[in-house]
Each structure stands twice: as C-alpha cells, then as structure tokens.
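Residue numbers (the numbering used here), protein chains in the order written: chain L, 221 to 518; chain R, -2 to 291. We put the CB at the ideal spot given by N, CA and C, even for glycine. Okay, so here's the structure we're looking at.
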C-alpha cells in the first residue's frame, strides 16, 4: 500500500496495476469518445454500434466493419455551427444562463458557508450544537424532496422564470458549512491572535485569514459550481421560457424525440455541456486534491 | 470590546453576525419550503386555500402499492450502489497509487469524467451501453460470458440493475478521487510502524489505511445515500416518467414528480415528507458512527 515509500516501484510493479485499470478506463472513456465522434455522424449511423460478436480476428471485413461503427465517414462541422448560431436552441443564452447560475451559486455558497464555518470553528456560543446539527440535516435532506413547495414559494417571492429564483435557493449548503468548519479549525490560533492584537475587528481578522485558506475556498467553489451546473429538477420547475433555461433543461428538450433534432446536434450540445466542468476540474485538480488530503485525515 | 476568554473573542453577538447571512437564506429557502411542504401534504390539492384533509394523503400512500415499490426500489438502488462503489473505489485508488506516478493525474481525471457530466447527458451516453442487442454491455460482457443479450430497458428483472450500473459508472471515479486524496494524507510514519509490527500488506490496509480513511468513507457513503434518494434525471430519461416495465425502475423522486406533473401536489408533498424519517435515521446513524470513532 505504501509502494511510493523509500524504494521506488519498479516498472514491472507499476505495469500490473495499470493493466488492471485499463478495463475501467475504457468503460469510462468509450461513451465520451462515442459522444464526440457522434457530432459528425448522421442519425442512422449514430446507433450503428460496431458488432464485435461473433469474433473473426483474421477477417479484414470484420475489422473494417468495426472501424466503420466507430469513426464517422467525414468530419463535417455543420452540426456544431447550426447549434452555435442558434438554429435548435438559443445556445449562447442558455450557456450564459448556466454560467450565471453556477457561478452565482458557487460564490454565494462559498461566502455564506465560509462565514458560518468560521463562526462554528472559532467561537463557542449558545445553541451552537443545535445549529450545527441543523447544518448536517441540510446535507441529509436533499432539496429535491421539497422541490414543489420551494417552487411555490419562489413563485410567491416573484422570482418565477428568473435566474435569481434558482441562484438564491442554491446558496444554502450544509456540506459547505461542515467543510469550512473543518478548514477553519486547522488555522493556527496564533495567527488569529496576532491579527487581534492589532485591535482589528473580528470581521477584519476573518478577512486576513481568508488568503491562508484560499485552496479550500477554490475547492469548495469548484465542487459547488459542478453541482449547480448539473442541477435539473428545481430549474426545471422555476425556469420556463426558452431564453431563460439552463443547459441541462435545454438539453432535455433537445433530446425529446418530438423535436426531430439531428443526433449530431444533440451530441454537440452534450459535448459543450461537459467542457466547462471538465476544464474547471482539470485546472483546479491539484489544489483541490492537496486541500482534501490536508483536511480529510486531520 | 471585552475579551472575556480566548475562545470567544469579540462580543456575544459576533458569532451570530457571522452566521446571519447563512441563517437568513437557510430560513428563507429551506425552513419555509419545508413547513410549506408539511402544510401542503395535509391539504386536498395542496395549493392555496385548499381544504384540510388531515393525514388522508399519508394513509393513501401506505396502501399505495406503487409507493411501496418506489420506496423499495430506492432502497435497493441506493444500498446496492454503495455496496458496489465503495470497495471498487478503494481498489481503484490502491491501483492508482501503485501505478506510475506521472500518469496518476491523467488516469484520475479520466475516471472522474462521468462525475463532471450533467446527469441528462449521462443518460443519453448510457443509451449506447444499453442499446438493443448491440449495446456495449451486451456485446462486451453478456454475450462473451455465454448468455443471451439482455433487454436492459425492457426486462423488469434487469432495469434496476441497469440503473445501479449507471450510478456505479457515474460515481466510482469521483469517490476514488476522494479516497486517493485521503490515502495521500495518511502520514507515512504509520506505515513504517505497521511494517515493523506486521509483515502483511493486507494487515497494513486493515489496521492503518481503513481506520485512517474512516472520515472519507463516511463522507462517501452519506453522499451516495443522499444522491441515491434524490436520483431522478437518469431514471427519467432512460425509462420515461413512469418506472419502466412493471415499475421495476420506479424511484421515489420520479414517483413524486409523477404526482407533480398530474397537479396532485398534496400527494407529492406527502410523499416527500414521508421520506424525512428515512433521512433522520440516516443522520442519527452517521452521528452514532462518528461518536464511536472519536
């Protein structure tokens, strides 16, 4: 288990795990490859999956049949341009809405939970235990459970078909509060004392600590962004006009058979739905992991 | 400003000032809808000044066979996902640690891709895996093992397994990432000590890795539990708004959504509220485990 300890693993010892990982890597990546190549395929070709069975490894036709099933006949960008110029849905509106919603939720959630986490980690006060248990309960009761009353309440507040009707409810997170409580517990007390000696008000002390924990802020912001990017049920109830939808909703509409959207356009839209979160994760990956390693095991 | 003791700087109200924004939104978008849900579940149609019907919706649920099916399906789905994902993710994390260090970030990222993908896209990608006789699952696993190809959407015996498989595919890489991060945080000294005490790697895993990973595993299980119970889009796109043949894939949230789309808000609310005790038991169990470990 501690293979990376003092003796570096030899090539042979590292190759077996890699081979064992291969089937899993294939299972995970093949559908994505199919999605991206699907952008260039016609409707009837998309679901013509390669036929591997019965196997004829020495038959040339068998292999060319498989290649035909995997690769498109020609690389034509028409589906992508049609999607981007808004022939099938107001793509840039929808994409922008998704960005706004996810960014708004992430920033709000980080701000609220960081402040709450600071209070939980650094103060003792009446009712702290009860409030903290409530924050845990917040994780355990998914919002999907009271989607309908939430939607009626959002309606009462006059936020229907408004991005704020999705952003504002999305900033409340139990996971964030617990995460930041843990993060602020690890900030050395001397650091805070030093700031307090200068006579700074407590909020200034909090602000001086923030740069110290920025990987944690970034990590949680990223996770929340991704979760918000995927959210379906509540936006689906709150947002209804075409230009106010978020990407998952527009996608669901695009997938709907009655719309006769070419499969290639669907695949292009799906690809664009994955890119932002994938890029975000790739960029923040290292910070996120080290911040987790520090926190998860005290 | 009187600095009474070191733990509580500022005035008595300082912590509440920090909590205020959170509490405000918590009240506005969590407590109020929750109370509204309870109220809706006691009314005839649930909306506005509807007639009060007491526990009628709950009684109707208890004798509703589809509700019981949905609840049982959700439990099976969630528990099966946890039972498959957690050991698999532990093993994958171990493999990632054992393989070439340079490749580790790329491999982790590839495994994580499904978790970064919106569930509606996942469902569409999964059509290919399940599609007819030539779906990848049938071609690569079922037929080579000597079975007849399985109709994953249609055969009630396999629908739920299909959904679990989709969930495993979605979350295993993500959980592997968390476990990997946890493993990398374990101080090497612990392993040195374990190596002196015992020789076997299995015992190192059992006595060092696993106990050290307990917070991570707890997080992973809670996450999967909550996500399992709020699962909806994947099942909906794969099976339509009903639960597929013989309701074999009917999950609780899809059933709630079915009531909602029929404008039967009272039943939908009663259904959601009836799940609260389940979540509370889970909360209690998780706090119980935590207390035992610390």
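Task: Test: residue 200 of chain R CB closer than 7 Å to a CB of chain L - done: Within the second chain, the letter at position 203 stands for residue 200 of chain R. Answer no: the Cβ-Cβ gap between residue 200 of chain R and chain L never drops below 7 Å.
Open item on the list: Using only the alpha-carbon positions, how far apart do residue 116 of chain R and residue 423 of chain L sit?
Closed with: The count along the second chain starts at 1 and reaches residue 116 of chain R at position 119. The count along the first chain starts at 1 and reaches residue 423 of chain L at position 203. Cα-Cα distance, rounded: 40 Å.
Open item on the list: Using C-beta distances below 6 Å, list every residue in its chain close to residue 149 of chain R, excluding the 5 sequence neighbours before and after it, in chain order.
Closed with: Residue 149 of chain R sits at position 152 when you count from the first residue of the second chain. Closer than 6 Å at Cβ, skipping near neighbours: 127, 155, 159.
TODO: Using a cut-off of 7 Å between C-beta atoms, extract the partners of residue 509 of chain L located in chain R.
DONE: Taking the first chain and counting its residues from 1, one reaches residue 509 of chain L at position 289. Under the 7 Å cutoff, chain R gives 178.
TODO: Select from the segment 259 to 286 of chain R all residues with a C-beta closer than 7 Å to any C-beta belonging to chain L, and list them in chain order.
DONE: 262, 265, 266, 269, 272, 273, 276, 279, 280
TODO: Compute the distance between the beta-carbons of residue 296 of chain R and residue 270 of chain R, then report whether it is under 7 Å.
DONE: Nothing about residue 296 of chain R can be reported from this structure: the residues present for chain R run from -2 to 291 only.
TODO: Counting only runs of 3+ residues fully inside the segment 13 to 41 of chain R, write out the beta strand (DSSP E) ranges in chain order.
DONE: none
Task: Stretch-stretch touch, CB-based, cutoff 8 Å, three pairs: the segment 99 to 119 of chain R with the segment 167 to 178 of chain R - done: yes
Task: Residues that DSSP places opposite residue 49 of chain R in a beta bridge - done: Along the second chain, read from residue 1 onward, the residue named residue 49 of chain R stands at position 52. DSSP, once it has assigned bridges, lists R:40 as partnering residue 49 of chain R.
Task: Residue from R:197, R:229, R:274 whose Cα sits closest to the Cα of residue 292 of chain R - done: In the structure as shown, chain R starts at -2 and stops at 291, and residue 292 of chain R therefore has no counterpart that could be examined.
TODO: Give a yes or no on contact between the segment 441 to 450 of chain L and the segment 487 to 498 of chain L, applying the rule of three or more CB pairs nearer than 8 Å.
DONE: yes
- [ ] Provide the residue span of the alpha helix (DSSP H) that contains residue 303 of chain L, from first to last.
- [x] Residue numbering aside, residue 303 of chain L sits at position 83 when the first chain is read from its first letter. Taken as a continuous stretch (DSSP letters only), the alpha helix (DSSP H) holding residue 303 of chain L covers 298 to 304.
- [ ] Can you have a look at residue 368 of chain L and say buried or exposed, based on whether 16 or more other CB atoms are within 10 angstroms of its CB?
- [x] In the first chain, counting from the first residue as 1, residue 368 of chain L sits at position 148. Buried: at least 16 other Cβ atoms inside 10 Å.
TODO: Identify whether residue 255 of chain L lies in helix, strand or coil by the three-state DSSP scheme.
DONE: What you label residue 255 of chain L is simply residue 35 of the first chain in a count that begins at 1. It is helical.
Task: Alpha carbon of residue 541 of chain L to alpha carbon of residue 503 of chain L, nearest angstrom - done: Only positions 221 to 518 of chain L appear in this structure, which leaves residue 541 of chain L out of reach.
TODO: Inspect the CB distances between the segment 310 to 329 of chain L and the segment 456 to 467 of chain L and report whether three or more fall short of 8 Å.
DONE: yes
Open item on the list: Would the segment 132 to 141 of chain R count as touching the segment 465 to 474 of chain L if we require 3 or more Cβ pairs under 8 Å?
Closed with: no
Task: 7 Å Cβ cut-off: residues of chain L touching residue 128 of chain R - done: For the purposes of this step, residue 128 of chain R is identified with residue 131 of the second chain, where counting begins at 1. By Cβ distance, chain L contributes 267, 269.
Open item on the list: Do residue 440 of chain L and residue 330 of chain L count as a contact pair if the criterion is CB distance below 7 Å?
Closed with: On the first chain, position 110 is the one that residue 330 of chain L refers to. On the first chain, position 220 is the one that residue 440 of chain L refers to. Yes.
TODO: Give the range of the alpha helix (DSSP H) segment to which residue 126 of chain R is assigned.
DONE: On the second chain, residue 126 of chain R is found 129 positions in, with the first residue counted as 1. Residues 116 to 127.
TODO: My understanding is that residue 359 of chain L touches residue 250 of chain R, with C-beta atoms under 8 Å, so please give their C-beta distance in whole angstroms.
DONE: For the purposes of this step, residue 359 of chain L is identified with residue 139 of the first chain, where counting begins at 1. For the purposes of this step, residue 250 of chain R is identified with residue 253 of the second chain, where counting begins at 1. The pair is not a contact, with the Cβ atoms about 17 Å apart (cut-off 8 Å).
- [ ] For the segment 346 to 355 of chain L and the segment 507 to 515 of chain L, state whether three or more C-beta atom pairs, one from each stretch, are separated by less than 8 Å.
- [x] no
Task: Inter-residue spacing [alpha-carbon to alpha-carbon] between residue 95 of chain R and residue 86 of chain R - done: For this step, residue 95 of chain R is matched to residue 98 along the second chain. For this step, residue 86 of chain R is matched to residue 89 along the second chain. Whole-angstrom Cα-Cα distance: 14 Å.
- [ ] Ignore the nearest five residues each way along the sequence and tell me which others in residue 269 of chain L's own chain have a CB closer than 6 Å to its CB.
- [x] In the first chain, the residue the question calls residue 269 of chain L occupies position 49. Same-chain partners within the cutoff: 289.
Open item on the list: Less than 7 Å between the beta carbons of residue 392 of chain L and residue 226 of chain R, yes or no?
Closed with: For the purposes of this step, residue 392 of chain L is taken as residue 172 along the first chain, with counting starting at 1. For the purposes of this step, residue 226 of chain R is taken as residue 229 along the second chain, with counting starting at 1. No. Outside cutoff.
Open item on the list: Please list the terminal residues of the continuous alpha helix (DSSP H) segment that includes residue 256 of chain R.
Closed with: Sequence index remark: in the second chain, residue 256 of chain R carries index 259 (1-based). Unbroken alpha helix (DSSP H) run through residue 256 of chain R: 249 to 258.
Open item on the list: Once DSSP output is grouped into helix, strand and coil, what is the label at residue 0 of chain R?
Closed with: Position 3 of the second chain, counted from the first residue, corresponds to residue 0 of chain R. In this prediction, residue 0 of chain R scores a pLDDT of 39, lower than 50, which makes its location untrustworthy; the coordinate-derived value is nonetheless stated afterwards. Coil, per DSSP.
Task: residue 361 of chain L in three-state terms, based on DSSP - done: Mapped onto the first chain, residue 361 of chain L falls at position 141. Correct three-state label for residue 361 of chain L: coil.
TODO: At 8 Å on the CB atoms, spell out the chain R contacts of residue 338 of chain L, in chain order.
DONE: Translated into positions along the first chain, residue 338 of chain L becomes position 118. Simply 15.
Open item on the list: With a threshold of 7 Å between beta-carbons, can residue 116 of chain R be considered close to chain L, or not?
Closed with: Start at 1 with the first residue of the second chain, and residue 116 of chain R comes out as number 119. Residue 116 of chain R counts as touching chain L.
Task: Minimum Cβ-Cβ distance from residue 292 of chain R to chain L less than 7 Å - done: There is simply no residue 292 of chain R to check, as chain R begins at -2 and stops at 291 in what is shown.
Task: Rounded distance between the beta-carbons of residue 363 of chain L and residue 454 of chain L, thought under 8 Å - done: Looking up residue 454 of chain L in the first chain gives position 234. Looking up residue 363 of chain L in the first chain gives position 143. Yes, residue 454 of chain L and residue 363 of chain L are in contact; Cβ-Cβ is about 6 Å, under 8 Å.
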